[in-house]
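Chains as they are written, first to last, in our numbering: chain A, 1 to 246; chain B, 247 to 547; chain C, 548 to 913.
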Amino acid sequence: MNDPIISVRKLTKRFGDFTAVNAISFDVERGEIFGFLGANGAGKTTAMRMLCGLSFPTSGSGRVAGFDVMREGEKIKRHIGYMSQRFSLYNDLTVWENMQFFAGIYGMSQRESIARSNELLQRLNFAAEKDTLVGSLPLGWKQKLSFVIATIHNPGIVFLDEPTGGVDPITRRQFWELIYEAADSGTTIFVTTHYMDEAEYCSRVSIMVDGEVRALDTPANLKKQFAAETMDEVFRTLARGAKRGE
Amino acid sequence: MAAIEVHNLCKRYGKVTALDHLSFTVEKGELFGLIGPDGAGKTTLFRLLATLLNPDEGSATVEGFDIVGDYREIREIVGYMPGRFSLYQDLSVEENLDFFAALFGTRVADAYELIEPVYKQIEPFKTRRAGKLSGGMKQKLALSCALIHRPKVLFLDEPTTGVDAVSRSEFWDMLSDLKQRGITILVSTPYMDEASRCDRVALCNEGRILTIDTPCHIVENFDKRLYAVSGDNMFTLLNVSRAVSGVVECYPFGSAHHIVADAAFNENEFIAQATLAGVRNVDVYPAEPTIEDVFINLMKQ
Amino acid sequence: MKKQHNFLSFVKKETLHILRDVRTMMIVLLIPVVLMILFGFAISTEVNNLNIAVVAPTRTDGVRQSIERLANNPYFTFVGYINDEQIDPMLRSAKADAVVVFDSDYERLMAMRAEGMDTKPVMQFIFDASNTNVASAGAAYLQNVMTTDHSSQQLFEMHLLYNPQMKSAYNFVPGIMGLIFILICAMMTSVSIVREKEMGTMEVLLVSPVRPIKIILAKMIPYFVISCINLTTILLIARYILDVPMSGGVGSIIFLSLLYLLLALALGLLVSVISSSQVMALLLSAMVMMLPMMMLSGMVFPLENLPKVLSPLPYIVPARWYIEAIRKVMIMGLPLTAVLKEISILCLMTVVLLGVSLKKFNDKLE
């Protein structure tokens with residue numbers, strides 16, 4: 001089980017004559033918090049869609065959660081967790097109903113899903129709110145809930161697409177503690193963010209510019225490499241050179 | 247007369263109080279920031295000031311005009327950029343600009359010199375549909391459209407949300423430039439680190455203002471002992487720190503964790519305990535507070 | 548600085564929106580054509596090519612003359628003689644739409660009738676009534692054809708005026724017009740206004756010094772133009788493909804239609820004022836306007852058949868008055884003066900709808 005959970009080589013996606021993602025290669029180890037950064041239009045979303053099995057690469061090879069990105073998109077989808085800023089939960093269903101629904105989507109049996117839901121509610125200290133409509137929860141809670149629901153089927157890796165946009169600083173930190181905790185118990189976290197301080201929380205960070213991965217290392221090494229004080233500076237140094245988009 | 251005067255402003259949606267007796271003043275030519283997360287009431291405040299909503303209590307004026315009684319006058323002099331960039335996705339950059347110019351009874355050429363610093367960056371793409379622009383370009387087009395009638399006051403509701411760090415920084419440069427031309431700017435953002443780009447800021451949360459001051463003063467007035475700690479296993483360190491005596495609070499902060507400490511805190515004692523708990527290479531040093539530290543601590547009060 | 552709110556540039560923007568969405572525009576332009584063709588040829592309720600089989604135990608001269616008349620009529624096809632047992636299978640297999648059964652005593656009975664005596668019926672029509680419209684129209688027409696030579700002896704006489712073959716085109720063309728204009732003017736405008744609310748652009752429009760109502764009026768113009776194109780298409784198809792007479796004059800028809808277009812626009816404005824989302828606008832248009840319009844305008848079901856409780860309802864359906872007026876002018880050939888009542892009701896409705904929606908229109912968000 002020590003092989004990397006993500007391992008891609010020369011992954012490329014073209015739309016017509018536009019190369020959105022240009023031959024990216026990297027590995028993500030199990031239990032890592034992997035920060036996936038990039039400027040608007042750098043190809044982040046496209047790359048993430050390929051890794052999640054939502055779209056097929058034009059060329060290249062790789063495996064995610066043990067399945068081939070070129071051929072086994074459907075299997076990848078079943079074995080990863082995904083949480084985006086936009087798609088959260090059903091506001092008109094209760095906490096419990098949401099959990100049951102998503103457990104059902106991943107083909108968990110009735111017994112499994114009840115046991116797992118109870119376990120997650122307990123871990124969140126959230127058992128009392130079991131029958132509360134998700135719509136009436138504060139935003140911070142919704143976000144935490146969507147995170148644990150993204151892990152309801154015990155995936156080896158969870159993809160988080162800008163999970164903390166617009167959240168207050170306390171909730172944002174509580175959210176990151178949840179991420180730490182998940183990573184500590186062995187779940188791999190693959191996360192995109194616009195908050196550069198959050199990049200510091202990651203075990204390793206990759207920065208995409210113009211469809212290519214321009215830098216990949218621990219935050220400390222990246223800062224050393226670019227002689228920068230913060231990740232913000234590192235990011236700006238790299239993104240300033242972008243030709244695409246702006 | 248101040249550019250914007252808000253007095254005891256209150257707005258409720260059913261049982262939810264979106265704005266809870268807000269009062270503040272923005273001087274002419276000031277770049278004033280409303281800093282706070284979603285649900286702080288920023289959008290509601292903008293809609294009230296832009297005369298889209300009427301308040302339940304309290305009053306406000308923009309350039310001396312009352313937001314209820316003189317709303318027609320206000321609509322002549324403000325530029326408003328709502329949260330989601332309100333552009334016509336199926337119209338090109340140029341067509342959007344032309345339309346908004348017509349909307350305000352002017353022509354693009356008349357305001358070109360004002361919008362030029364912003365617009366020239368997207369001008370090469372002027373035949374592209376707005377829907378096909380990147381986030382940063384949409385933001386610049388929306389700003390150009392809001393400036394087309396030479397407003398005296400600009401209302402910008404979260405113009406940098408969802409935009410990458412580089413574009414965000416460029417955007418603030420543009421705002422500083424507009425401020426030089428005497429335009430009063432009220433801008434909101436959920437990013438605490440952008441506070442330093444404003445003349446004054448109001449930190450807001452859940453419909454209330456936590457504090458109003460210049461970014462420098464806000465940070466200077468932070469009267470607690472603040473330390474930064476780091477080590478090899480940051481997650482363990484976080485949990486361990488909270489049990490150490492003298493630690494009031496510990497939260498992740500970029501590459502380190504920040505610790506709010508009381509008098510009982512001792513640096514060497516901390517290192518000893520953390521090392522004992524299995525964290526290696528523990529480092530503790532006094533930290534400079536930031537707006538975000540202030541915000542976190544005001545929220546907890 | 549002198550402010551010029553260039554109305555034309557608003558119209559231009561709306562036109563661009565429509566032109567950019569080529570697919571929707573094509574649908575809007577093609578709907579009338581498709582509907583006209585569909586109703587005109589496929590969903591025909593008129594008597595056309597009815598297959599008639601005949602049971603004639605004695606084939607006397609009188610019987611043969613009757614059948615000849617039947618066979619020569621362009622709307623009927625004589626498929627042959629059959630016997631009693633074949634009636635049911637013929638109808639079931641749809642080889643015949645109707646069977647005419649002559650009495651075995653036909654000649655004698657006719658003779659008795661000629662002398663003014665009461666007799667039992669001389670012939671029987673058996674119809675496949677699975678399509679009630681075709682059956683009833685066919686029966687009426689068949690009776691008309693088969694008994695014309697006995698008119699002197701008939702108890703009553705039937706004359707189908709204006710539309711003797713009961714061509715359905717005459718009936719549905721006004722109906723389609725009533726429907727299309729609501730669809731395009733009311734539904735499309737309301738959806739396009741509500742889209743601005745959803746997109747957030749309405750916020751910016753409201754905050755501008757222009758009165759938003761001006762922008763909304765500008766929005767209506769391109770749809771008005773499209774509706775006029777549709778009007779032309781419909782009239783051309785009706786006249787040259789479906790042979791609708793238009794005896795009352797094209798000018799009157801156009802006048803009535805333009806009035807109705809205004810009404811539809813006012814209705815669309817009202818829907819957009821009430822709705823907060825595109826879905827709501829669509830549902831409102833479809834459920835509250837289209838369905839009742841089809842049901843209560845007399846387009847599909849005759850209003851005379853309506854239960855008593857519902858009978859006041861059609862009076863408030865705008866399409867009903869329009870369709871009725873168009874019917875009078877287009878099919879019956881009456882002059883505009885004959886539809887003054889309808890015209891004044893349509894005018895009144897337009898004024899009321901415009902008044903209500905302008906009053907309800909809010910230049911704030913709540």
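For each residue, glycine too, the CB sits at the ideal point set by N, CA and C.
No experiment lies behind these values; they were computed from the predicted model shown.
Thinking C-alpha only, which one of the options is nearest residue i?
i: C:G685; options: C:I599, C:R742 and C:S794; result: C:I599
i: C:G747; options: C:Q825, C:L814 and C:P792; result: C:Q825
i: C:I947; options: C:P621, C:F625, C:T605 and C:P604; result: There is no way to answer for residue 947 of chain C, as the model of chain C reaches only from 548 to 913.
i: B:G279; options: B:S442, B:T307, B:L295 and B:I323; result: B:S442
i: A:V148; options: A:I6, A:R123, A:P138 and A:R14; result: A:R123
i: B:A286; options: B:K257, B:G275, B:E273 and B:L298; result: B:K257
i: B:K378; options: B:S338, B:T297, B:N342 and B:N527; result: B:S338
i: B:G408; options: A:H194, A:K223 and A:F36; result: A:H194
i: C:D519; options: C:K560, C:L809 and C:V646; result: Lying outside 548 to 913, the shown extent of chain C, residue 519 of chain C is not represented and no answer is given.
i: A:T19; options: A:K44, A:F36, A:L37 and A:G35; result: A:K44
i: B:Y497; options: A:G211, A:T230, A:F15 and A:Q174; result: A:Q174
i: A:M231; options: B:F468, B:A502 and B:V465; result: B:A502
i: B:D439; options: B:F270, B:P283, B:T521 and B:A264; result: B:P283
i: A:G211; options: A:A115, A:K223 and A:R14; result: A:R14
Can you pull the chain A residues whose beta carbon is under 7 Å from the beta carbon of residue i, in chain order?
i: B:V409; result: N40
i: B:P370; result: What B:P370 touches in chain A: nothing, since even the nearest Cβ is about 11 Å away.
i: B:I542; result: P169 and I170
Cβ closer than 9 Å: which chain B residues qualify as neighbours of residue i?
i: C:R639; result: Here the premise fails: no neighbours, minimum Cβ distance about 56 Å.
i: A:L139; result: P283, D284 and G285
i: A:T230; result: G500 and S501
i: C:R867; result: Those do not exist, as C:R867 stays about 37 Å from chain B at its closest Cβ, beyond 9 Å.
i: A:E200; result: P498, F499, G500, S501 and A502
Apart from the five residues on each side of it in sequence, which residues of its chain come closer than 6 Å, Cβ to Cβ, to residue i?
i: B:D508; result: G492 and V494
i: C:Q700; result: Note on C:Q700: pLDDT 45, under 50, position unreliable in the model; no value is reported.
i: A:A42; result: M208 and V209
i: B:A523; result: V486
i: A:I33; result: A183, I189, C202 and S203
i: C:F649; result: A603, V610 and M670
i: C:I565; result: M572 and P769
i: C:G880; result: S794 and G795
i: B:Y317; result: T297
i: C:L702; result: Because C:L702 carries a pLDDT of 44, less than 50, the predicted location of this residue cannot be relied on, and no value is offered for it.
i: A:F226; result: V234 and T237
Starting from the beta carbon of residue i, find every residue of chain A whose beta carbon is closer than 9 Å, and list them in chain order.
i: B:F481; result: E177, Y180, E181, A183 and D184
Show which residues of chain B have a CB atom less than 7 Å away from the CB atom of residue i.
i: C:V751; result: Y326, P328 and S332
How would you call residue i, buried or exposed, if buried means at least 16 neighbouring beta carbons within 10 angstroms?
i: A:Q164; result: Note that residue 164 of chain A corresponds to Thr in the displayed sequence, not to Gln. With 16 or more other Cβ atoms within 10 Å, it is buried.
i: B:V530; result: buried
i: C:I584; result: exposed
i: A:D3; result: exposed
i: A:N154; result: exposed
i: C:Y869; result: buried
i: B:Y259; result: exposed
i: B:C462; result: exposed
i: B:V412; result: buried
i: C:V575; result: buried
i: A:S146; result: buried
Spell out the partners DSSP gives residue i in its beta bridges.
i: B:V399; result: B:V324 and B:T430
i: C:G627; result: C:A600
i: C:V648; result: C:V602 and C:Q671
Going along chain A, which residues have a C-beta under 8 Å from residue i?
i: B:L456; result: Correct list: empty, because the minimum Cβ distance to chain A is about 11 Å.
List, in chain order, every chain B residue whose beta-carbon is nearer than 8 Å to that of residue i.
i: C:V754; result: A296, T297, L298, R321, V324 and Y326
Leaving out five residues on either side along the sequence, give the residues of the same chain with a beta carbon under 8 Å from the beta carbon of residue i.
i: A:K10; result: A23, I24, S25, S59, G60 and S61
i: A:R49; result: S55
i: B:K384; result: F331, L333 and A376
i: B:I537; result: I281, M438, D439, A441, S442, V447, L449, P461, I464 and V465
Can you give me the Cβ contacts of residue i inside the same chain, cut-off strictly under 7 Å, excluding the 5 residues immediately before and after it?
i: C:V741; result: S819, S822, S824, Q825 and A828
i: C:M724; result: I781, S804 and I873
Strictly below 9 Å CB to CB, what residues from chain C border residue i?
i: B:D336; result: L563, H564, R567 and D568
i: B:E309; result: The contacting residues do not exist; B:E309 stays about 14 Å from chain C at best.
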